[in-house]
Structure formats: structure tokens, C-alpha cells
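There are 2 protein chains.
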Amino acid sequence: MRDLTPLLAPRSIAIVGASSTLTALAGKPVAFLRDSGVDVAVYPVNPSRDEIGGYTAYPDPSALPEAPDVGLVLVPAQAVVAAVEALAKRGAKAAVVISSGFGEGDRAEGAAAQARMGEIAREHGMLLLGPNTLGVHDYVRGLPLSFVWYGRKASDPAGTVAVVSQSGSGMTSLSDRLLDAGLPLGYGIATGNEADVTVVDVLEHLAEDDRVKVIAAVFEEVRDGTRFIAVLRRLRELGKPLVALKVGRTESGSAMVKSHTGALAGSYPTLKALLRQYGVIEVTDLDQIPGMVAAALLGHLPTVDGIAVVTNSGGAAAIAADRADELGVPLAQLGELAQGKVRENLPAFAQDQAVGNPIDVTAQSMQRPFSMVDIVDALVEDPAVGGVVHAVPSSGGPAGGQWVDRLADTVHSSPKPVVSVILSGKESDGLRQRLRDRGVPVFSSPAAAVEALQLLRRFGRAVESAAQPAAPAEEREPIPLPATITENSTLQWLSEYGVPVARQLLAATPEAAAEAAEELGYPVAVKISSPQIAHKTEVGGVALGLGDAASVKAAAQQVLASAAAARPDAVLEGVTVSRMVTPVLELISGIHIDPTFGPVVLLGLGGIWAEVLGDVTMRGLPLGPDEAERMVDDLQGAPLLRGARGRTPVDPAALSALVDALARIAVEHDGELGGLDLNPVAVTAEGELVVLDAALFRTEV
Amino acid sequence: MRDLTPLLAPRSIAIVGASSTLTALAGKPVAFLRDSGVDVAVYPVNPSRDEIGGYTAYPDPSALPEAPDVGLVLVPAQAVVAAVEALAKRGAKAAVVISSGFGEGDRAEGAAAQARMGEIAREHGMLLLGPNTLGVHDYVRGLPLSFVWYGRKASDPAGTVAVVSQSGSGMTSLSDRLLDAGLPLGYGIATGNEADVTVVDVLEHLAEDDRVKVIAAVFEEVRDGTRFIAVLRRLRELGKPLVALKVGRTESGSAMVKSHTGALAGSYPTLKALLRQYGVIEVTDLDQIPGMVAAALLGHLPTVDGIAVVTNSGGAAAIAADRADELGVPLAQLGELAQGKVRENLPAFAQDQAVGNPIDVTAQSMQRPFSMVDIVDALVEDPAVGGVVHAVPSSGGPAGGQWVDRLADTVHSSPKPVVSVILSGKESDGLRQRLRDRGVPVFSSPAAAVEALQLLRRFGRAVESAAQPAAPAEEREPIPLPATITENSTLQWLSEYGVPVARQLLAATPEAAAEAAEELGYPVAVKISSPQIAHKTEVGGVALGLGDAASVKAAAQQVLASAAAARPDAVLEGVTVSRMVTPVLELISGIHIDPTFGPVVLLGLGGIWAEVLGDVTMRGLPLGPDEAERMVDDLQGAPLLRGARGRTPVDPAALSALVDALARIAVEHDGELGGLDLNPVAVTAEGELVVLDAALFRTEV
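Sequences listed follow chains E and P, in order.
No gaps in the numbering here: position 74 of the first sequence is 74 in the UniProt record's numbering, and each next residue is one more.
No gaps in the numbering here: position 18 of the second sequence is 18 in the UniProt record's numbering, and each next residue is one more.
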């Protein structure tokens, strides 16, 4: 871990390229520091001025009276490398390069200069933030290292929330919104083009900063997948939530990221699955972040999936219920005890009815100002409830100010997350402010509140899963990759790892194929077997649905002839014969070697829908004890695997065994394994799994 | 259409049950009217007071000095029917029943009283709003018929936006938010339990009110499907956008609606498809509505799908691009002309690069304050661009105030929608206000802005589609339903309507079945044929994949025996024999008779995925000229039908012919047709359609 203190809490700041026009881009940082009133040493560097903004100016970094904690670099692009080098030589602990025109855009010289400044920083052990960064905002002291600063400070306990973003506008916009939501922000850090300090460095630092309780990140590229995963694991271990917006999820978004920062957005499907695995709270819009951070800041994680909703607006109740169903969040079935306590607080006409969920206390609650809070108290006691949404249209009646205190007490004393929704707009700004002042998360929509509880639950689930004791690793020798890789040898090898594979016989001649078919029973499939032929269909190397010995023999002859004609270079071992299996469902599975994150185990739905919907998830290694189940959670087609509409569910133990075997293979053959595709993995009518075809790839050397 | 003027613009208001405690629920309406300063006659009705709030009080409605335009009813539930009757007898033109405790909840007497007050209203030709309503907010005059009122008035031209909601909090919250967004609101109308006046009545009135340009609706139930569809068609004809939030879309949401208002939420999948068909702008959260209404209020509809984005934030560009890809919104490929004009306004380092989209002018644009507006001007001229998103992080540089005027001129003069995004929070409230004052729609997220343009485009597409001349209806005689309904007779009848069906031969005996198979070629399927047996599989009445005459004969014997054993009551005509078809894709289609909306034509994807994903859409009648294509647009699996990954696309003419034939059948057999399921409709490798099985149902009598 790199200690970023010189960047985040500098005591001395050089401003290289400072302008004496304090309203100009290169003059603003001087003015901001002066106006902050914070006791830091400020050293403008400008060869043609003696003084700027009341501070003594120096002609160049070598002339500075001390080695500064940080140097802010504002000079034109072509002068940046020299300025960075001068700062490094003067012993600056850190540099923040605001200037742009480097890795972004298409110019090779820009990228080269960017690489050079990173090298200089590392040679001198100096931290370098940027280039093309909006710098650092310190909201605790009210101190910016930036030319954009709104002069805002955070509420207490300032410093418990931190923002990191590659994009400068992501950092400033998000910080501004978090402050609007009354959140105790500490830092806003923009990493820009990341010549040296990356989002991962910042996350590592923030993970170990005990004052920071929640991190919000907007990022476009992950440069070091291994360290990224390591810091996610560390955050999960610490139970410190990371709320993340990944930008560049799609093809068009990635193209923008490329032109914007010169970064490659990487494979989003893999990243998305890994974020889920390690408990990152992923959102897809800036608008979601303030509410999500406020809810995460409670530090209370749901331990069950079910939620409860209490409101005096029937409309809000239905909106919450709709979103819960749409997201697959169960509305908790309340226990008898909770129902009894809730009933005491319902209007007279509801006294003899069953207590549902959401609970609508109706507008009559305005005559009993504490009834909703009393209901919240009952709900958090119910073991079926993981989190509670409290929704009111506006001021919530005459005693608005009083129930806020009662609700806030519950919010903080309950081990479960309780969040509030205010449906109206500016009319309720006062109420919203009172709730926020008391640390109650406030949403503007019941739907967003439900979603936030779901995301918190996912984080809680990841934390729980990681805390479970892993099964003791068996001491087993790795099973070497097959010497000659064919479908047949791969299936054989997989079966030695305990993977259930279709029984398949290798036959060197058409006559042997017919004999094999007689042994297996009909109908059978005949496929070419050759270490040089991975895509058998493309060479006419597959015949399906063969019903008797004569057909098998003819098909084997045909397959051998086609393959020989199409691939005269290939060594033909013969054909494989396997009994046809008609799956009730086809899955795909395997191992993918991600260029950023290394080997991941893959599971998804097969067939044409997989192609169109891409319903596939992945997991990094090592796997948690219940990871197969959590992988199924990720899939849109999860109901199919779990027995929707009277189907036999896929045996969870079989799924778990498959995924675990793949994880073992990935670990044992790390480096030599280039990929493994099991496609299809048939689900039988009995819910068992059988790998029907497999393709194994060695690392290309 | 019912004229709702007495409810919306009353000149005389009786308040039945007015309290002399003006801060109590039943006193507030008097205080609100008094404090409004509007010149209306106010008549408190209270038998134990002579004066309330400075107004002369009357003992009961019969004593009123004039027949009031409207009577506000605030008495306890048990006294409401009498109060309504008294108002009706005094000649009140309308009544607003605020009191609750009627159709909502489980009590039969409440529902009966609610029905009774509706009858009284209709007997006397009086309009009745409610019960259980928050009434009417008139934001033009600043006059509430309600006990909830924030005292706000709308900006000019007040009255161009109207809100209607069944839920009271939906009405008040949404109105508050629209006012926050600076929108020229006219009315907020809550219809409550709808004993008489319904959301449909209100929509009919607002459709014909020329001052109203955009309507926002939150509704839970549609009571009169036929009139609802008629008003949607009228709004589409007028080009007047309806932004709608349907509450109770899911099972849990519907259950809440039931307990909340006593209403049944109806079939959401049908409603959703009809909203799409008729161009309703459906949103799923309250938070979406203000931005969507502001964008709709421009009155400019995209005429092509492509959008363009210009921003000085790389992060915003990527966020917009991500959402566009995720929603399937194309980012327009800019023409040469537009590219040239855009390039003139890009920073020097981008001058020699291709102009992409989104266009990131980078932070350097802050030195050229009008560059982004100049780019917007170029974009709206490009025929490939349907709408433009303009996104800035915050104040957008020193000339913030000046470019707002320039942008606003473009926003209003362009025939295309142009919307703005401000990424920061309160810091930019001033800028936001300036934009809104000039009528520029402002979003807080690029993602939401992209989505709004997509929804506007859908509305535009519906308006265009409806404006196309329909093909002249052919004069054709209806083809009578088969006298005896079996799969075989249904397929035969469908083929007379031009629907492509699988060739199927009816065989009375096992021997005849074998002969039929020889004629058709193998493999074949054998199925029981009986007018009493709709679900053939359940009686062992289906045998598939039969490869020779002997198997066919044996299967036919078995099928006949099983069916006879399972259904001794059934008349067995014999079996049908059909050639097995292996579809590359299975669709489902047919006619569904919706209890609310009547016959709708259905199209969707078949197989197990249809079961789990429910990927089905519907259309009401008559169909527009390009409705089959728009139905495919609705489907998640649309890429499969359109030839994703090298597949042969489904022939659009065949799809259109199928849907048109079903529409003709639905119209010609309206009343006698209880339903028609075509399942599966096979797509062949050549992209042709063949109905493999069909079930026809007569209306139950």
C-alpha cells in the first residue's frame, strides 16, 4: 500500500505555473488556498513574478525554501515533464498534474510524455496524480488542490465518506451531491489519466483509513486486476462498503472512455460478476449514489432478504411493492408477534384485518403521529425483516419534528437498515433536513429505497459468505493436462476431476464405431476425434441421431472422409461415439482467462438465448463456500435452474461440485491453461448435470 | 365527454362538515380558500356554528343561498351518503368527497355506501369526485379543494401541465415536484376511489382543454377499458403527450392497490402493451416524471431514433453512451456537414480527429463559452439526429449566463427535442433556474436524459404510425368458426384466413394413420383428435418422432386407447398425423380476450424462456399499418427475430400477414371468440412461419 497522505493532507503546496490573474484557471488554485484560511504553506512558482496572491513566488521548483508535500502542476502540456522532474528533484513528496493533452486523444507524443512523468515519479519515490486530473478536494479542512472548488465543507463527522473518480466531473459532481445530501464527506480525489497513482492505490489507502466508513467510486478502467481484486477482498473483510459506478460498460461507452482518458474499459461482463462476488455495491447512475451512500453509512447490513415497508400513502406502498417484485426482493411475511404490535398502531377500520406488507396506515395516521415509528420499531424486531422502508408523502402531519427524533433513535439503535422516503419536493425540504441532520437516509422514491436495501443485502451476503469457514482443502496431486487434446481426452480428464461427463467411446475405425454404438445403445452421435480439430461441425465432423449399426458405420466413414478432406494436415484418431442425450435445459460452463483479472470460472444458460441475452456470470478464485448458489442468483434464468413451473430443479450439490472442480482446475493449471469451454452442459429430466462436449485450450506460447 | 369545469374552476364552494378549528383537518379547507384571496363564494356547512373563518355558516346544504358549483364533503364516513344526497338535491353541480372508509379496506358496508353515492350523483347529473380523495388543486388561481395545500402557484403559462392521480399522495407529491422543476402546472386532480368521476373522465376533459399541453397521470386501475383506449387514441391524434406511471404492475403491487382503493389492478402485460401501442410515455418511478414532462412540453418529437450528445465532461459522455447502448438507442452517425461544423468548435488537439458521438469538447471549452451551443446548432441540423443531449458538470464556465440564452433559442427554434443535463448539485441551482426560466428541460443525469429522448421518440413513432394511411379494408365475408372445434379443424380454418399451418391429415383408424404418414414422409407426430380434448398431452394423446409405418400404427392405437381411458366422455374423431418440423425458433401468437380491454392480438417468443421471461406483447384493434414491426420492437428477443448472429431473419411480411389475419379474425368473431392460442408457431431455417398447433375457444355462455 502506498501512503497517500502527502496528497490528501499536505502541509506545504507548491503551485507550478501559478498565474497572477487569480480568476484565471492557473490563478484560481492560489486564490482557493488563500481563501480557505487553512494554515498551509503556499509557494507559487512563476519565473516572472515575485508575489502572487500575497504569497512569495519562486522562479522554479529548485528555488523553493523547502521540499513541498505536494506540487500542483498547471503549466502547458509541453512543459509538464520538466516541471514534474524539477519537483521530484526538489524532493516533493507528491505532484498533482492538472494539465491535459496526454494519454487522452490520439497523439503518440502525449502518451509518451505521460509515460515519462510516471517513470520520473517512480524513480524519485514521488506520488503523481494525473495528468488530466481535477485534483483533490479536502472537505474536512476545506482545502482544494484544484482549479474547481465550490468552497463547501462537509458536515460532521467529516471524513467518513470518500469519493474517488477517474473523471474530474465525476469527482466534483458527486462530491457536490453528497454534500447536498448532508453527508460527512472527507475527500474527493480525481485520478485522471493515472500515469502513476491509480484508483486502486486510492482504494488501498482509503481501506486502511479508519475514519473512512464508506467509499464512492466512479471509474472507467481497472489497470491492475490482481491488486483491484485484492483491495475488494480487503474492503469486504473490513465490512467497508464500496459504492461503485462503472463507466464504459457498453461498446459505445468504452469507445468514449478510450477517447476521454486513453484507457481501455476492459471486459465488463467479467468485471460485473467480480463486483458482485466481492460485495461491491454497483449502481448504474450518478443519481443513485447519494441515497446509497447514506444507507451504507448506517453500518447496518440486512441478514435476510425480506424487507418491510410502512407508509401512510397507499400509492407509495404500491410503488414499493411493484419495485420489490420487479427486483425479486421478497416482502417479508411478518411473524405473529410483529403483526400484533403493528395492529395496535393501525386505524380502527384495519384492526380486524390481517397485517400485510407493505403496511399502509392511511392518512388517518396523521392523528397518531407516532404510529408509524411504533410500527418501524415492531418491524425491526421481526426476524423475517432484513431492512425497513418508512415512506411519508410530506411533512407527515403536525408532529413532524417529534417523530423524526423517535425514528432517528430507531435508525441508529437497530442492527438493521431503516431508510426514509419523502415523496414531495421542496415543500418538505425542512423535514428532509431534520432527518438528514439526525443521520437518517432519505430517498425521494420508494422504488429507489427498495433498491438500496437490495444492494445493501447483497453486500451483507458477500460479507457473510466470505466469513464462512472454507472447507479444508484436500491434499491432492494436480492431474496433468491431457498430452493430446481432443474432446475425448478432455472429457476423460474432466471425469478424473469428478466432473460428470457423457460416456463416450473412441473408435479408430467405422466398424469399431458400430460396435461401440451397440454397447452404448441408440440413438448415438458420432464425432471426429483429432487434436488439430477443435471446431468439429465446421469440417463436417459430426453426425447426430444415428439409430442403428449400419447408420453408425456409414456416418463414421463419412465423418472421417469429410474431416480428412477439410483438414489434410490433421491427425485423425478416429471417431467418438456417444449416446444422444436430450437435455431439458442446456447450460454453459468453463474457465475463462481474463486479460485483466486472470482465470475466472464461468456459468450460464446455453442455447440461442445465451447468445442474445448473454446470461452468464463469472467468479474469481478462490471461490467462497456457497459461490455456486450465488452464481445462480446472478442469472436472469435462475428460476429455470431452481425448478420454475414444476420443473425438476438442478441439483445444487451437482452445480456446486462442477464449479468447485473448475476452480480447482483453474488453480492447479494456472499459467498453462488458456481456457476451457463446457458447452453444452446438459441438465437431465432428473436435474442432473452431464457435460456433453468440452474444448480445452493451452496457453499460447 | 363529461364537462368537469364545476370541479376544476368552481365559483362557489360549499364545505359540508367544516370545522371552526381552522387548523383541524375539516377546518383547513376553509382557511385555504380564505387565504387564497381568490374571489369565490365559500359556504361552510355546520349545524352548530353561525360563522366559520369569517364566512356565514349554514346548518345543511338545503339552506345554502345558491346551488354551489361544488360541495366539499368532510363529514364522518357514516354521514357521507346523506351529505352527498343533500348536495345533489340542492342542485350542486359537483361534490368532492374527501372522507375515507369506503371501497378501500374489507368492509362490505363501505363498498355499498360508495356505490350508493355514485348512484345519487348519476341520478342528479352531479359530478362526484372520490370518496377517499385529496381533491383538486388549482395552481392557476392558487385554489385548493383539499385539506392538503402548500400554497404554491405555478409559473406562467400556468395551466399547460395537468396532473391526475387516483392516489392522493401521488397527486400532491407529483404536483410539488413539477412546481419545483418550474413547470407551468394547472391542475392536480386526485380521483380517489372513483365512485363516479374516473381517471378516464379526467383524461377526456384534459384532452379537449386546449390550454393543457402535457398530462402526467399516476393510476392504479383502469375501470372502463374501451373509453380508456378511446381517450389514448384521441391524445395520440392530438399529439398531446401523456406521461403515465402505472402502479400495481406486479402481484404484490396489485395486492396493495386492492387494499388501498378497493380497485383491481387488472392485467399489466396487456395494459403495458396497449400503452406502447397508443404512444403513452410510460415511466416506472415518480422521479422520472418532472424531467419527462419538461421534455414533452417542448412539443418537439424526434423523427428518427438516433440521438447526439455534446458535453465537456468525458465522464458524462461515457455515462450517456452506456445508457444509450443499454436501452438500444442508437448514437447517430453524424453526416459530413455536421461533422465539419462540429470540428470548428473542438479544441485544437481534436481538429484532425474524426468527430464521434458523444462529442466531448473537454474542459478546454471553458475558454470558448459558446462552442457547445454552436455544436448543438450543428447537431439539430443533421438528419440522422432525432434529439440532442447537452451536458455540463456545473456552471459551465465564466459565460454561464450568456450561453443559456443562446441554448434556449435553439431549444425553442429547433423542431427536435434538445435537453440539458447539469451534473453537479446545489452548486448549480442558479444555472438550473436560469435554464428552466427559459423553458429548457434540465436533467440531473445523462442517463435519464437519454431515456427521456427514447420515450419521446416512442411517442413520436406512435403518432407517425397512426397518421399513416391504413390499407383499404378488403370486403370479405367472415369465415364461420368450425362447427366442431379440434386442432385439425382449427388449423384448417386458420389456413382459410391465410395463416400458414402445418400440413396435417386426419385419420379415423390406426391403419389410416399409417397411410397418412406414408403420404407425408417421416418422421411424423400422431395426436388425438377430439372436440372435447383441448390438452392432448395430459391424456396421453400425443406421440412424437415416429419413423415408420409400424410405429405410427402402434402409436395411433396407443393414443386412442389412452384418450379413451382418460376421457370416456370424449368423442374421438381419430388421430391427426403431421410431419415433424424442427423449428429454429418457436414463437407464440394468438388472440386474448382481456376482461378490461377486449380482444388483443398477441405475439411472443415460445418455449421455456417465454414461460420464465414472459417475452410477449399485445395489440388492441384496429392495428396500425406497421404494427407487426412495432410488436417485434417490444420483445426482448427481437434480435432473434431480426437475424442476430447470422440467423435468417423472420420474414417481416409473413409476420405482418399473421398479425393482420389474427386482427381480422378477432374483429369478425368479436363476441363469440373466447380465445385463440397458436403455440408453437415455428420459424423455419428459411425464416418462414408455420403454425404447428392451435387451440380455439368459444365464448363461454
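Using N, Cα and C, we set each Cβ at its ideal position, and we do this for glycine too.
All figures in this text were calculated on a predicted structure; none of them were measured in a lab.
Select from Lys153/P, Ser173/P, Arg579/P, Pro302/P the residue whose C-alpha is nearest the C-alpha of Val329/P. Residue mapping note: residue 329/P aligns to position 329 of the second sequence, counting from 1. Out of Lys153/P, Ser173/P, Arg579/P, Pro302/P, Pro302/P has the C-alpha closest to the C-alpha of Val329/P.
Would you mind stating whether Val632/E and Met618/E have Cβ atoms separated by less than 8 Å? The residue given as residue 632/E occupies position 632 in the first sequence. The residue given as residue 618/E occupies position 618 in the first sequence. Going by C-beta atoms, Val632/E is not nearer than 8 Å to Met618/E.
Distance, Leu298/P Cα to Phe102/P Cα: Stepping through the second sequence from its first residue, residue 102/P is reached at position 102. Stepping through the second sequence from its first residue, residue 298/P is reached at position 298. Those two C-alpha atoms are separated by around 41 Å.
His535/P by DSSP, collapsed to three states: which one? Reading the second sequence from its first residue, position 535 is the one you call residue 535/P. Collapsing the DSSP output to three states places His535/P in coil.
If we count the other Cβ atoms within 10 Å of its Cβ and call it buried at 16 or more, is Glu194/E buried or exposed? The count along the first sequence starts at 1 and reaches residue 194/E at position 194. Counting every other CB atom within 10 Å of its CB across the protein chains shown gives Glu194/E a total of 16 or more, marking it as buried.
Let me know if Gln277/E comes out buried or exposed under the rule of 16 or more other beta-carbons within 10 Å of its beta-carbon. Position 277 of the first sequence, counting from 1, holds the residue named residue 277/E. So Gln277/E ends up on the buried side.
Can you give me, in chain order, the residues of the segment 629-640 of chain E that have a beta carbon less than 7 Å from any beta carbon in chain P? Listed by position, the residues of the segment 629-640 of chain E near chain P (Cβ gap below 7 Å) are Gly637, Pro639, Leu640.
To the nearest angstrom, how far is the alpha carbon of Ser100/E from that of Leu128/E? Within the first sequence, the letter at position 100 stands for residue 100/E. Within the first sequence, the letter at position 128 stands for residue 128/E. Those two C-alpha atoms are separated by around 14 Å.
Just to confirm, are Ser420/P and Val440/P a CB contact at a threshold of 8 Å? Position 420 of the second sequence, counted from the first residue, corresponds to residue 420/P. Position 440 of the second sequence, counted from the first residue, corresponds to residue 440/P. It is a contact, given that the beta carbons lie within the stated cut-off.
Fully enclosed by the segment 257-303 of chain P, which alpha helix (DSSP H) runs are 4 residues long or longer? For the segment 257-303 of chain P, whole alpha helix (DSSP H) runs of length 4 or above, ordered along the chain, are 268-277, 289-297.
Distance cutoff 8 Å, beta carbons only. Does Gly314/E sit that close to anything in chain P? The count along the first sequence starts at 1 and reaches residue 314/E at position 314. It does: the Cβ of Gly314/E has a partner Cβ on chain P nearer than 8 Å.
So if I threshold CB-CB distances at 9 Å, which residues from the segment 661-680 of chain E count as touching chain P? Of all residues in the segment 661-680 of chain E, none has a Cβ within less than 9 Å of some Cβ in chain P.
Residue nearest to Pro61/P in terms of C-alpha spacing, selected from Gly91/P, Val280/P, Glu477/P: Working through the second sequence from its first residue, we reach residue 61/P at position 61. The shortest Cα separation from Pro61/P among Gly91/P, Val280/P, Glu477/P belongs to Gly91/P.
Using a cut-off of 7 Å between C-beta atoms, extract the partners of Asp325/P located in chain E. As a working mapping, residue 325/P is identified with position 325 in the second sequence. Asp325/P reaches chain E at Thr250, Glu251, Ser252, Gly253, counting residues in chain order whose Cβ is nearer than 7 Å.
Using the beta-carbon of each residue, which ones in chain P are nearer than 8 Å to Arg276/E? The count along the first sequence starts at 1 and reaches residue 276/E at position 276. Correct list: empty, because the minimum Cβ distance to chain P is about 17 Å.
Comparing the C-beta of Ala399/P with each C-beta of chain E, is any distance below 8 Å? Locating residue 399/P in the second sequence gives position 399, where the first residue counts as 1. In this prediction, Ala399/P scores a pLDDT of 49, lower than 50, which makes its location untrustworthy; the coordinate-derived value is nonetheless stated afterwards. At a cut-off of 8 Å between C-beta atoms, Ala399/P does not count as an interface residue with respect to chain E.
For the alpha helix (DSSP H) containing Ser12/E, name the first residue and the last one. Working through the first sequence from its first residue, we reach residue 12/E at position 12. Under the DSSP assignment, Ser12/E falls outside any alpha helix (DSSP H), being part of the beta strand (DSSP E) whose first and last residues are 12-16.
With contact counted as at least three CB pairs below 8 Å, one residue from each stretch, are the segment 311-325 of chain P and the segment 244-260 of chain E in contact? The segment 311-325 of chain P vs the segment 244-260 of chain E: in contact.
Residues bridged to Met618/P [DSSP beta-bridge criterion]: By 1-based counting over the second sequence, the position of residue 618/P is 618. Answer is Leu602/P.
Nearest to Leu143/P by CA position, among Glu51/P, Gly54/P, Val30/P, Ala18/P, is which residue? Here residue 143/P is taken as the residue at index 143 of the second sequence, counted from 1. Among Glu51/P, Gly54/P, Val30/P, Ala18/P, the Cα nearest to that of Leu143/P is on Val30/P.
To the nearest angstrom, report how far apart His535/P and Ala561/E are at their CA atoms. One-based indexing of the second sequence puts residue 535/P at position 535. One-based indexing of the first sequence puts residue 561/E at position 561. Those two C-alpha atoms are separated by around 47 Å.
For Phe459/E, which of helix, strand or coil comes out of DSSP? On the first sequence, position 459 is the one that residue 459/E refers to. Here Phe459/E sits in helix by DSSP.
Would you mind giving the Cβ-Cβ distance between Val40/P and Arg11/P, rounded to the nearest angstrom? I have them listed as a contact below 8 Å. One-based indexing of the second sequence puts residue 40/P at position 40. One-based indexing of the second sequence puts residue 11/P at position 11. With a Cβ gap of about 6 Å, Val40/P and Arg11/P count as contacting.
Endpoints, alpha helix (DSSP H) assigned at Arg343/E: One-based indexing of the first sequence puts residue 343/E at position 343. Annotation for Arg343/E: the continuous alpha helix (DSSP H) segment containing it runs 336-343.
Going by beta carbon distance, what residues of the same chain come within less than 7 Å of Ala317/E, once the five residues before and after it are set aside? Indexing the first sequence from 1 puts residue 317/E at position 317. These residues qualify, in order along the chain: Val309, Thr311, Pro358, Asp360.
According to DSSP, is Asn679/E part of a helix, a strand, or is it coil? What you label residue 679/E is simply residue 679 of the first sequence in a count that begins at 1. Three-state result, Asn679/E: strand.
May I ask which residues mark the beginning and end of the alpha helix (DSSP H) holding Glu586/E? As a working note, residue 586/E is residue 586 in the first sequence. Not the alpha helix (DSSP H): Glu586/E falls in the beta strand (DSSP E), residues 585-594.
Distance, Cα to Cα, Trp149/P vs His137/P? Translated into positions along the second sequence, residue 149/P becomes position 149. Translated into positions along the second sequence, residue 137/P becomes position 137. Distance from the CA atom of Trp149/P to the CA atom of His137/P, rounded to whole angstroms, is 8 Å.
Have a look at the DSSP bridge pairing and note the partners of Arg579/E. Here residue 579/E corresponds to residue number 579 of the first sequence, with the count starting at 1. The secondary-structure analysis by DSSP pairs Arg579/E across a beta bridge with Val524/E.
I'd like to know whether the C-beta atoms of Met292/E and Val222/E end up nearer to each other than 8 Å. As a working mapping, residue 292/E is identified with position 292 in the first sequence. As a working mapping, residue 222/E is identified with position 222 in the first sequence. Going by C-beta atoms, Met292/E is not nearer than 8 Å to Val222/E.
Using a Cβ-Cβ distance under 8 Å, would Pro10/P count as near chain E? Residue numbering aside, residue 10/P sits at position 10 when the second sequence is read from its first letter. By this cut-off, Pro10/P is not an interface position.
Alpha carbon of Leu275/P to alpha carbon of Glu282/P, nearest angstrom: Here the question's residue 275/P lines up with position 275 in the second sequence. Here the question's residue 282/P lines up with position 282 in the second sequence. Computed Cα separation, rounded: 7 Å.
How many angstroms separate the CA atom of Pro500/P from the CA atom of Thr684/P? Residue numbering aside, residue 500/P sits at position 500 when the second sequence is read from its first letter. Residue numbering aside, residue 684/P sits at position 684 when the second sequence is read from its first letter. Cα to Cα, Pro500/P sits roughly 12 Å from Thr684/P.
Does any residue of chain E bring its CB to less than 8 Å from the CB of Val243/P? If you number the second sequence from 1, residue 243/P lands on position 243. No, no contact with chain E.
Confirm, please, whether the CB-CB distance from Leu623/E to Ala663/E is below 8 Å. Residue 663/E sits at position 663 when you count from the first residue of the first sequence. Residue 623/E sits at position 623 when you count from the first residue of the first sequence. For the pair Ala663/E and Leu623/E, the CB atoms are nearer than the 8 Å cut-off.
Same chain, Cβ closer than 8 Å to residue 719/E, neighbours up to 5 away in sequence not counted: In the structure displayed, chain E extends from 1 to 701; residue 719/E sits before or after that span and is not available.
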